[in-house]
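Participant: Here the numbering used here runs 25 ahead of the position in the sequence shown, where the first position is 1.
Quick reminder that beta carbons are idealized off the backbone N, C-alpha and C, glycines included.
Keep in mind the model is a prediction, meaning the values are calculated, not measured.
Okay, here's the structure, questions in a sec.
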Amino acid sequence: MALKIVCLPGDGIGPEVTAAAVRVVEALPLEFELEEHVFGGAAIHATGEPLPQTTLEACVAADAVLLGAVGLPEFDGKPVRPEQGLIRLRGELDVYANLRPTQEADVDLLIVRELVGGLYFGASGRRSDGSAYDTCEYSPAQIERIVRRGFELARGRRRQLASVDKANVMETSRLWREVATGLAPEYPDVELRHVLADTAGLLLAQDPSQFDVIVTENTFGDLLSDVAAGATGGLGLAASASLGDDGPGIFEPVHGSAPDIAGRGIANPAAMLRSVALLLRHGAGEAELADELERVVGEALESTPTPDLGGSATTADFTDAVVRALAQPGARR
Ligand code: NAD
Ligand code: IPM
Ligand code: MN
C-alpha cells in the first residue's frame, strides 16, 4: 500500500524547505500519496485557527506527517499564535519521544526530548491578578515511557545514557531522577548518568562528542538541541522525528520559520531532507533508503553548501544536487 504522507509547509522558510522535500520524495523509489494541508500562521490566515479540524483529521489518518516550520513575527503579542497549533498537534498525536540526532565529524549524539509534557503542557499558560503561570508537571508514567525510550535507543548505540534534569532545584526533576534510577537495573548493559541541565549546556557547547544519548524534559530538550546544533553545523542541518507508541510520527527540522531569510530561496534544506530520512527510517520501515538519502545529503553539503555554511548555493541548487545524486546508477532504485 502506498505510504500516506501529510505535508504541513507552515510559515516563513517552511514552504521553501517543504518544496525541496517534496521534490526529493518524488525522486525516491517509493510508493506514496502526498496530501498538503494548511497549518500555523498560514492556517490562521485561512481559517482563524492554527490547527484546523480538517488538518488534524488528515494527520491522524496519515502514515506520517512532514512539517516545515511555523511562526511569524506578525503574531507576536496576539492571543492566537501559530506555535499553539504545533504544540496541540504533538499532544493530539501523543508523539512523546522527539529524537534529535546530531552526526557531524566526531559527534554522534541523540537527544531524546520529552515532547508532550513538562513545562509546555502543565496546568499552565495563564494569567491571574497580573501574574503569569507556566506549570511544570509530570506523572511517573510520563517519565517512565520517555526514559525507557532513551534506554532502548542507547542499547542500539554506544550504551551511554545521560538523563538531564535540575534535581538540585525542581521537584519534577527529582521525580524524573527517581524514575530513571529505578529503571536502570532493567538495562544493566547501559551506563546511566545524571547531569544537571545547566552543566549539560556547558558540556555540549564545549564538546558534544562526549555524549551518546541524552534524555530530558520538554523545555530542557528544546534548549539543549539548539545548543547541540550551534556547537556542530548549525540549525540548517538539524532534523527531528517525533514518535509515539503507534500512530503517525511528525518529521520536522529543529529550526523555525527563519523570518530573517524567508522569501529569498537561500534556506538550507538539509535539516528538512534529513527529517525525510528519519521519516523513511522510523515512519516507513525503509532503513536502506534512509541511509542512502543521508549519504547523498552529506555529499551535497560538501559540494553545494548554502550561505549558512559559507557557500552560495540556493535551496533549489542544493535540492538539484540531491535529486541528481539519487538518480545516479548505484543509488538504490
Ligand atoms: P529560527 O530557528 O527560525 O532561526 C534562527 C536562526 O537560524 C536564524 O538566523 C535563521 O536564519 C537561521 N536558520 C534557521 N533555519 C535555517 C535554515 N534551514 N537555513 C539557514 N538558516 C537557518 O528561530 P527564530 O528566528 O528564533 O524563530 C522564528 C520563528 O520560528 C518563531 O516564531 C518561532 O516560534 C518559530 N519556530 C518554529 C519551530 C517549528 O516550527 N518547529 C522551531 C523553532 C522556532
Ligand atoms: C521546536 C520549536 C517549538 C518548541 C516551538 C515552535 C513551539 O522551538 O520544535 O524546537 O518549542 O517545541
Ligand atoms: Mn526549538
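So, ILE239 versus LEU227, is the Cβ gap smaller than 8 Å?
Facilitator: Position 214 of the sequence shown, counted from the start, is the residue given in the question as residue 239. Position 202 of the sequence shown, counted from the start, is the residue given in the question as residue 227. No, these two residues do not count as a Cβ contact at 8 Å.
Participant: Going by DSSP in three states, THR127 sits in which element: helix, strand or coil?
Facilitator: Taking the sequence shown and counting its residues from 1, the one referred to as residue 127 is at position 102. Strand, per DSSP.
Participant: Secondary structure at GLU269, three-state DSSP: helix, strand or coil?
Facilitator: Along the sequence shown, read from residue 1 onward, the residue named residue 269 stands at position 244. The displayed chain sequence assigns Gly, not Glu, to residue 269. Here GLY269 sits in coil by DSSP.
Participant: Grab me the residues of LEU178's own chain with a C-beta within less than 7 Å of its C-beta, minus the 5 sequence neighbours each way, in chain order.
Facilitator: For the purposes of this step, residue 178 is taken as the residue at position 153 of the sequence shown. Within the same chain, LEU178 has close Cβ partners LEU135, VAL137 and VAL238.
Participant: Classify ASP28 as helix, strand or coil using the three-state DSSP reduction.
Facilitator: Here residue 28 corresponds to residue number 3 of the sequence shown, with the count starting at 1. The displayed chain sequence assigns Leu, not Asp, to residue 28. The answer is strand: DSSP assigns LEU28 an E or B state.
Participant: Heavy atom of ligand 1 less than 7 Å from the Cβ of HIS280, yes or no?
Facilitator: Walking along the sequence shown from the start, residue 280 turns up at place 255. At least one heavy atom of ligand 1 is nearer than 7 Å to the Cβ of HIS280, so yes.
Participant: Measuring only from the beta carbon, is ASP247 closer than 7 Å to any heavy atom that is part of ligand 3?
Facilitator: In the sequence shown, counting from the first residue as 1, residue 247 sits at position 222. Yes.
Participant: With burial defined as no fewer than 16 other Cβ atoms inside 10 Å of the residue's Cβ, what is the status of ALA45: buried or exposed?
Facilitator: Against the sequence shown, residue 45 aligns to sequence position 20. Buried.
Participant: Is the distance from the Cβ of TYR121 to the Cβ of LEU140 below 8 Å?
Facilitator: Working through the sequence shown from its first residue, we reach residue 121 at position 96. Working through the sequence shown from its first residue, we reach residue 140 at position 115. Contact: yes.
Participant: For ALA205, count the other beta carbons within 10 Å of its own beta carbon; 16 or more makes it buried, fewer makes it exposed. Which is it?
Facilitator: Here residue 205 refers to the residue found at position 180 of the sequence shown. That one is buried.
Participant: Applying the criterion that 16 or more other CB atoms from any shown protein chain within 10 Å of the CB defines a buried residue, is ARG106 buried or exposed?
Facilitator: To locate residue 106, count along the sequence shown from 1; it is residue 81. Buried, by the Cβ-count rule.
Participant: What residue does the alpha helix (DSSP H) around GLU60 start on, and which one ends it?
Facilitator: Position 35 of the sequence shown, counting from 1, holds the residue named residue 60. First-last for GLU60: 57-61, but that is the beta strand (DSSP E), not the alpha helix (DSSP H).
Participant: Nearest to ASP133 by alpha carbon, out of ALA263, VAL279, PHE343 and GLY335?
Facilitator: Taking the first residue of the sequence shown as 1, we reach residue 133 at position 108. When only C-alpha atoms are compared, the closest one is ALA263.
Participant: Under 7 Å: does the beta carbon of ILE275 sit that close to some heavy atom of ligand 2?
Facilitator: Translated into positions along the sequence shown, residue 275 becomes position 250. For ligand 2, not one heavy atom lies less than 7 Å from the Cβ of ILE275.
Participant: Any chance the region 42-58 sits against the region 98-113, with 3 or more Cβ pairs inside 8 Å?
Facilitator: Result no; under three Cβ-Cβ pairs closer than 8 Å.
Participant: Within this structure, are the beta carbons of THR197 and TYR158 separated by less than 8 Å?
Facilitator: For the purposes of this step, residue 197 is taken as residue 172 along the sequence shown, with counting starting at 1. For the purposes of this step, residue 158 is taken as residue 133 along the sequence shown, with counting starting at 1. Not in contact: THR197 and TYR158 (Cβ atoms no closer than 8 Å).
Participant: LEU111: beta carbon under 7 Å from a heavy atom of ligand 4?
Facilitator: In the structure shown, ligand 4 is absent; the only ligands present are ligand 1, ligand 2 and ligand 3.
Participant: Consult DSSP for ARG153 and reduce its assignment to one of helix, strand or coil.
Facilitator: Locating residue 153 in the sequence shown gives position 128, where the first residue counts as 1. The sequence shown places Ser at residue 153, rather than the Arg named in the question. DSSP places SER153 in strand when its eight states are reduced to three.
Participant: Look at the alpha carbon of VAL191 and the alpha carbon of ASP154, and state the distance between them as a whole number of angstroms.
Facilitator: As a working note, residue 191 is residue 166 in the sequence shown. As a working note, residue 154 is residue 129 in the sequence shown. Reading off the sequence, residue 191 comes out as Lys, not Val. In a straight line, the C-alpha of LYS191 is about 29 Å away from that of ASP154.
Participant: Buried or exposed: which applies to GLN78, given that a residue is buried once 16 or more other Cβ atoms fall within 10 Å of its Cβ?
Facilitator: Here the question's residue 78 lines up with position 53 in the sequence shown. With fewer than 16 other Cβ atoms within 10 Å, it is exposed.
Participant: So, for GLU324: in the same chain, excluding its five sequence neighbours on each side, which residues have a beta-carbon less than 8 Å away from its beta-carbon?
Facilitator: Taking the sequence shown and counting its residues from 1, one reaches residue 324 at position 299. So the qualifying residues of the chain are ALA346 and ALA350.
Participant: Report back the beta-carbon spacing between ALA89 and GLY274 to the nearest angstrom; my notes put them in contact at under 8 Å.
Facilitator: The count along the sequence shown starts at 1 and reaches residue 89 at position 64. The count along the sequence shown starts at 1 and reaches residue 274 at position 249. So it is a contact: roughly 6 Å between Cβ atoms.
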